[in-house]
Amino acid sequence: MVLSPPPCPHPPGTLARRSVLLGTAAWCVSAAACSGGAKTSSAASTGSPATGSHTPSAADSPVSSSPSVSESRGAGLPRAVPWRPGPGEIEPAAKLAAVELIEALGTWPAGQGSEQAAAGRAAALGIPASSASQLAAQAGSLMPSGDAAVVRVIDAQYGGILSDTASVLVVCEQPTLTGTTVRPGGTTVDVRLSRGSADWRVTALHPATPGPAKALDPAAREVLGQSRIELPPASAADIRSGAVHDSVLRAMLQLAGAYRLSVSVVRSGHPLDVFGTDRPSDHPLGRAFDVWRIDGHPVVDPATSRTLITAFMRAAAAAGSYNVGGPVQLAGGDTANQFFSDDTHHDHVHVGFTA
22 MVLSPPPCPH PPGTLARRSV LLGTAAWCVS AAACSGGAKT SSAASTGSPA
72 TGSHTPSAAD SPVSSSPSVS ESRGAGLPRA VPWRPGPGEI EPAAKLAAVE
122 LIEALGTWPA GQGSEQAAAG RAAALGIPAS SASQLAAQAG SLMPSGDAAV
172 VRVIDAQYGG ILSDTASVLV VCEQPTLTGT TVRPGGTTVD VRLSRGSADW
222 RVTALHPATP GPAKALDPAA REVLGQSRIE LPPASAADIR SGAVHDSVLR
272 AMLQLAGAYR LSVSVVRSGH PLDVFGTDRP SDHPLGRAFD VWRIDGHPVV
322 DPATSRTLIT AFMRAAAAAG SYNVGGPVQL AGGDTANQFF SDDTHHDHVH
372 VGFTA
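This is the structure in structure tokens:
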């Protein structure tokens, strides 16, 4: 399930860099009006949290097993909602640089869906022309077919962060407009960055490639139909591909008995190796999932109860996970080092399995 982020004002100092996105947002509103009235997706939140966070509140977050933008005719695209970091972020500038580029590449008005046009939008962010062209060529699933498209970021979480390099996983929905038909879509992009003398710059993009859908087993069908498990487009496609282990699916269902969990990443769109190492990650093997929000409360938000997060982490271990990471270092566990915490996992809970 995809939940749309609410409208939110720009933080100080970002207006100049985001001018291209603001222009695109204005286009999206006018395009919707020209197509029969400005419409927002059925799951869009109408209010901004008082904290200024980029995520909807629990009360504003509808629960649905279907994407927030369903296929429709005669309606325009939902408006662009620029994402911004909320409180509690580590290196928010890295996340903002990653998201700005994804929003620019994946949002375009009619007739501007070419790779060349995407490179121009990237260059408008201040990225050198040669780098902008290379990044546009790497956009992959972020450039679906369609006359027009709009990216709405669900979450931006770390795939890894070190002193001068980072991986930001930008999780988004991306409805497209073809003729008068709006179709739902979306992807997750592993955005690689390096820190320069002045700021963070994007060096590479690795979009999700979930694979074709296959016949579903009962556990996969139950997860996809469970309203208490919120899945972004790429994660839902991972499950439909049949490449996710039953241990992951069973754990999701067990956790959904006590919590409403918002999943950010399952398999595709995650680094192949644990960031900064040569150790294979459990994610691409279909043996892990990440949760960015629990019962409507973002893990990264300092206002989210540590008791809630620690209880969820222990529940994940009880569901069979050998490797539970999050913003809190827990003691105990059935196996050595079952729980861990680091800067990468300050914004989500990782739940990994051996098989």
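Quick note, the sequence shown lines up with residues 22 to 376 if you use the working numbering. Backbone N, C-alpha and C fix where the C-beta goes; we use that ideal spot for every residue, glycine too.
Helix, strand or coil for residue i, going by three-state DSSP, please let me know.
i: H15; result: Since the displayed the chain opens at 22 and closes at 376, residue 15 lies outside it and no answer follows.
i: I330; result: helix
i: T298; result: coil
i: I111; result: coil
i: V102; result: coil
i: T202; result: strand
i: L252; result: coil
i: I148; result: coil
i: A71; result: Any reading at A71 needs caution, since the residue's pLDDT is 32, under 50, leaving its predicted position unreliable; the model's value is listed next. Correct three-state label for A71: coil.
i: L351; result: coil
i: S93; result: strand
i: S283; result: strand
i: R242; result: helix
i: H266; result: coil
i: D259; result: helix
i: A177; result: strand
i: A309; result: strand
i: H371; result: strand
Please list, in chain order, all residues of the same chain as residue i whose beta carbon is under 8 angstroms from its beta carbon, the five residues on each side excluded.
i: A241; result: I260, R261, G263, V265 and L270
i: L293; result: P301, S302 and P305
i: E110; result: K116, V321 and D368
i: A376; result: H266, S268 and R308
i: I182; result: I111, E112, A115, S188, F296, D364 and T365
i: A338; result: V345, G354, D355, Q359 and F360
From the DSSP secondary-structure annotation, give me the bridge partner or partners of residue i.
i: T208; result: C193
i: P228; result: V210
i: T186; result: S215
i: T221; result: The residue you asked about is not Thr; residue 221 is Trp in the sequence shown. Partner(s): R216.
Since residue i and residue j are thought to touch, with beta carbons under 8 angstroms apart, how far apart are those beta carbons, to the nearest angstrom?
i: P253; j: G217; result: Actually they are not in contact, since the Cβ atoms of P253 and G217 sit about 30 angstroms apart, beyond 8 angstroms.
i: L282; j: I250; result: 6 angstroms
i: A139; j: A157; result: 4 angstroms
i: H371; j: G354; result: Wrong, their Cβ atoms sit about 14 angstroms apart, outside the cutoff.
Whose C-beta lies closer than 7 angstroms to the C-beta of residue i among residues of the same chain, with five residues either side of it excluded?
i: A340; result: A272, Q275 and L276
i: A119; result: A177, V189, V191, V212, L214 and V223
i: S383; result: The chain is shown only over 22 to 376; residue 383 falls outside these bounds and no answer can be derived.
By Cβ distance, which residues of its chain are closer than 6 angstroms to residue i, with the 5 residues on each side in sequence left out?
i: G44; result: The predicted model places G44 with a pLDDT of 46, which falls under 50 and marks its position as unreliable; any figure quoted below should be read in that light. There are no such residues.
i: H227; result: D211
i: R204; result: E92 and T197
i: A153; result: A140, A143 and A144
Within 7 angstroms: the Cβ of residue i and any heavy atom of the ligand ADP?
i: L276; result: Within the structure as shown, the ligand ADP is missing, as the structure has no ligands at all.
**Study point:** 3-residue-minimum beta strand (DSSP E) runs that sit fully inside the stretch 119-172, ordered along the chain
**Key:** none
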